[in-house]
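Right, dumping it as structure tokens:
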């Protein structure tokens, strides 16, 4: 699972782009117990979700009317300029070129060759999220129509290691789930997965990265999500050896998942 011992290639930040940050803050406060703390006048409305005094995510208003609400996963890089060059070289698109956040670090945002949007964070004063795991980001998954192309791309850009596992009863999937680890991290360094889906199972036929948030009661969180105006895309389901998972969308249609780990279900 993801840890806050960040290394190049591992997820180190996540944020939400919203049309209505006030409503989104209320939804996630009720869902996860997060408190939204807006930044100063120079932040452009960007701020932090905090739980127990630690940053678990960021949120800001969408930059223009054509942008779509979504969660964006950031992966650590030691050099945003070098990563940007690799993205271009291997068929990706640069949406936001490297830019500095004074005193904090540098970011850049891209679209991979299969259509999924993602970003990178080059740490400065801010290394990454202050807390991951329980009531925070715990896993990331890429849903794509072309897993092979995605693996080639991210392997070249972020130097990931892969381990393919067979998928039983994988209706609509390609038969293989790829576990993603940072370079040389092995199982202890795994932080996500890649799953090939048919276009009919991808919203609008578009690939995307989905964050997972760790919770202590998947069913209770699903109930709160629907009460708050969210949608259930996959009801709470037991996954052998993993835990209980549900796929959800918030009131603006931003996709995310919740996971009660197997060890938490038996403790």
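Residue numbers (the working numbering): 364 to 630.
All C-beta atoms, glycine included, are put in the ideal place defined by N, C-alpha and C.
Output the distance between the C-alpha atoms of residue i and residue j, rounded to the nearest integer angstrom.
i: residue 467; j: residue 544; result: 26 Å
i: residue 600; j: residue 607; result: 5 Å
i: residue 530; j: residue 405; result: 47 Å
i: residue 499; j: residue 401; result: 19 Å
i: residue 482; j: residue 470; result: 7 Å
i: residue 410; j: residue 558; result: 32 Å
i: residue 574; j: residue 407; result: 24 Å
i: residue 472; j: residue 435; result: 9 Å
i: residue 395; j: residue 421; result: 14 Å
i: residue 506; j: residue 403; result: 35 Å
i: residue 368; j: residue 548; result: 11 Å
i: residue 464; j: residue 603; result: 42 Å
i: residue 450; j: residue 503; result: 20 Å
i: residue 492; j: residue 568; result: 31 Å
i: residue 381; j: residue 453; result: 30 Å
i: residue 412; j: residue 390; result: 12 Å
i: residue 551; j: residue 462; result: 32 Å
i: residue 477; j: residue 484; result: 21 Å
i: residue 594; j: residue 418; result: 26 Å
Decide if residue i is buried, meaning its Cβ has at least 16 other Cβ atoms within 10 Å, or exposed.
i: residue 597; result: exposed
i: residue 526; result: exposed
i: residue 578; result: buried
i: residue 385; result: exposed
i: residue 459; result: exposed
i: residue 431; result: exposed
i: residue 615; result: buried
i: residue 416; result: exposed
i: residue 626; result: exposed
i: residue 439; result: buried
i: residue 374; result: buried
i: residue 427; result: exposed
i: residue 377; result: buried
i: residue 508; result: buried
i: residue 624; result: buried
Need the endpoints of the beta strand (DSSP E) that residue i sits in, please.
i: residue 501; result: 500-507
i: residue 473; result: 468-474
i: residue 377; result: 374-381
i: residue 553; result: 553-560
i: residue 405; result: No beta strand (DSSP E) holds residue 405; DSSP gives it neither H nor E.
Give the C-beta separation of residue i and residue j to the nearest angstrom, bearing in mind that I take them to be a contact with Cβ-Cβ under 8 Å.
i: residue 571; j: residue 556; result: No, residue 571 and residue 556 are not in contact; Cβ-Cβ is about 13 Å, not under 8 Å.
i: residue 613; j: residue 387; result: 7 Å
i: residue 621; j: residue 576; result: 5 Å
i: residue 487; j: residue 474; result: Between residue 474 and residue 487 the Cβ distance is about 25 Å, and since that is not below 8 Å, they are no contact.
i: residue 554; j: residue 379; result: Not confirmed; about 19 Å, so no contact.
Where does the unbroken alpha helix (DSSP H) through residue i begin, and where does it stop?
i: residue 512; result: 510-521
i: residue 540; result: Taken as a continuous stretch (DSSP letters only), residue 540 belongs to no alpha helix (DSSP H), being part of the beta strand (DSSP E) at 536-544.
i: residue 449; result: 443-452
i: residue 582; result: 581-590
i: residue 388; result: 384-395
Legend entry - Any 3 or more C-beta pairs closer than 8 Å across the region 578-590 and the region 512-525: Taking a cut-off of 8 Å on C-beta distances, the region 578-590 does not touch the region 512-525, as fewer than three cross pairs fall below it.
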